[in-house]
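Okay, so the sequence shown: first residue is 1 according to full-length UniProt numbering, each after it adds one. We put the CB at the ideal spot given by N, CA and C, even for glycine. Presented below is the structure to which this report refers.
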Amino acid sequence: MKPSLHLKIPASTANLGVGFDSIGMAINKYLYLYVEEAEGSNWEFKYLNEELDSLPKDKSNYVYKVAQQVAEKYNVTLPNLKVSMRSEIPLARGLGSSASALVGALYIANYFGNIQLSKYELLQLATEIEGHPDNVAPTIYGGLLAGYYNPETKETNVAHIDIPDVDVILTIPTYELKTEDSRRVLPDNYSHEKAVQNSAISNTMICALIQHNYDLAGKMMTQDGFHEPYRQHLIPEFEKVKVLSQKYDAYATVISGAGPTILTLSRKEKSGELVRTLKSEITTCDSEHATINNVGVIEEVVYPS
Ligand code: HSE
1 MKPSLHLKIP ASTANLGVGF DSIGMAINKY LYLYVEEAEG SNWEFKYLNE ELDSLPKDKS
61 NYVYKVAQQV AEKYNVTLPN LKVSMRSEIP LARGLGSSAS ALVGALYIAN YFGNIQLSKY
121 ELLQLATEIE GHPDNVAPTI YGGLLAGYYN PETKETNVAH IDIPDVDVIL TIPTYELKTE
181 DSRRVLPDNY SHEKAVQNSA ISNTMICALI QHNYDLAGKM MTQDGFHEPY RQHLIPEFEK
241 VKVLSQKYDA YATVISGAGP TILTLSRKEK SGELVRTLKS EITTCDSEHA TINNVGVIEE
301 VVYPS
């Protein structure tokens with residue numbers, strides 16, 4: 001029997017406005033997985049906080065399915081496992097909860113199947129399953145990055161930049177928004193002119209972030225034309241959060257991933273007052289300070305005591 005595996009897997013915020021399916025940043029909210037070998041022939045799932053109770057405990061569990069898919073790919077058989085899960089990442093809120101679960105499943109298959117996957121290979125597998133790297137890549141590596149998954153070669157390349165020295169505020173609605181529903185409202189095609197404009201906005205945003213010019217980065221982040229104009233009607237609080245954030249000179253307010261969470265990059269000296277204002281004026285959401293994770297997944301092998 002192998003010793004247990006403990007995983008601490010960060011959340012992520014994708015897009016940062018203009019980096020649709022490409023730019024993402026890891027956030028210090030975690031999915032914890034405690035995994036041990038168990039007797040019997042069916043994996044056991046135990047949920048340590050009630051928000052997870054809606055998830056299946058049988059073979060339709062996403063972690064189970066992905067772990068078995070990877071085991072099959074590498075021709076290994078996983079032992080029967082007991083997986084205990086605790087999550088601080090709210091489900092279906094645009095904070096990468098399913099990407100974190102996917103990454104967890106890869107680490108489980110890698111460890112209990114002794115596959116010896118490198119981080120690069122973990123990223124390739126994760127992106128091939130997810131279709132884009134903007135959540136899985138920061139979850140694996142931590143930090144802020146841009147990435148591209150080439151669907152023909154199935155290769156993913158990522159490039160990291162410094163994490164921004166700003167305060168991060170999350171405004172998390174109480175309702176869920178499924179990624180499929182939030183992607184369904186997007187156009188199938190963009191004109192050449194629009195694609196050129198949005199690419200220019202995105203390139204300028206990234207260069208501004210590299211220069212730590214947060215005013216310019218914020219100006220660009222809020223001019224996205226790839227997804228926000230089509231999605232904002234799904235998030236009634238978005239406009240009000242933007243207006244309040246502008247009052248406190250925030251750099252940018254954007255939809256986090258596919259929503260409905262709203263991400264604000266704030267000036268450090270104003271973030272406390274801004275969060276308190278958001279909390280008191282928008283009672284349908286939970287507004288809070290968040291921090292950027294620069295480490296990625298933490299994997300710990302635990303021996304029996
Ligand atoms: N980039 C993705 C989207 C993130 O905005 O739909 C969620 O998978």
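- request: Measure the beta-carbon distance from S169 to S271 and round it to whole angstroms, keeping in mind my assumption that it falls under 8 Å.
  value: One detail in the question is off: residue 169 reads as Ile in this sequence, not Ser. The Cβ separation is near 6 Å, so the contact holds.
query: Using a Cβ-Cβ cut-off of 7 Å (strictly less than) and excluding sequence neighbours within five positions of A208, which residues of its own chain qualify?
result: Cβ neighbours of A208 beyond the five flanking positions: L216, A217, M220.
- request: Pick helix, strand or coil for L33, following the three-state DSSP scheme.
  value: DSSP places L33 within a strand segment (E or B) once states are collapsed to three.
task: Return helix, strand or coil for T264, following the three-state DSSP convention.
output: Strand, per DSSP.
task: Would you kindly work out how many angstroms separate the C-alpha atoms of M205 and G40, rounded to a whole number?
output: When only Cα atoms are considered, M205 and G40 end up about 53 Å apart.
- prompt: Under three-state DSSP, which class holds I108?
  reply: The answer is helix: DSSP assigns I108 an H, G or I state.
- request: Check whether the Cβ of H132 sits closer than 8 Å to any heavy atom of the ligand HSE, and report yes or no.
  value: At a cut-off of 8 Å, the beta-carbon of H132 counts as near the ligand HSE: some heavy atom of the ligand is closer than that.
- request: Count the CB pairs spanning the stretch 60 to 78 and the stretch 221 to 230 that are closer than 8 Å, and state whether there are at least three.
  value: Counting Cβ pairs under 8 Å, fewer than three are found: no touch.
message: Measuring straight from C-alpha to C-alpha, what distance separates G104 and L7?
response: When rounded, the distance between both Cα atoms is 7 Å.
- request: List the whole-angstrom C-beta distance separating L123 from V158, where the pair is believed to meet the contact cut-off of C-beta under 8 Å.
  value: 7 Å between Cβ atoms; contact.
message: Need the endpoints of the alpha helix (DSSP H) that M205 sits in, please.
response: Start and end: 192 to 210.
query: Mind checking whether P3 and V301 have CB atoms under 9 Å apart?
result: Contact flag set, yes.
task: Starting from W272, follow the alpha helix (DSSP H) in both directions and report where the run begins and ends.
output: In the sequence on display, residue 272 carries Gly and not Trp. Taken as a continuous stretch (DSSP letters only), the alpha helix (DSSP H) holding G272 covers 271 to 281.
message: Please return the same chain residues whose Cβ sits closer than 6 Å to the Cβ of Y111, not counting the five positions on each side in sequence.
response: Contacts found: L5.
task: Decide if D167 is buried, meaning its Cβ has at least 16 other Cβ atoms within 10 Å, or exposed.
output: Flag for D167 reads buried.
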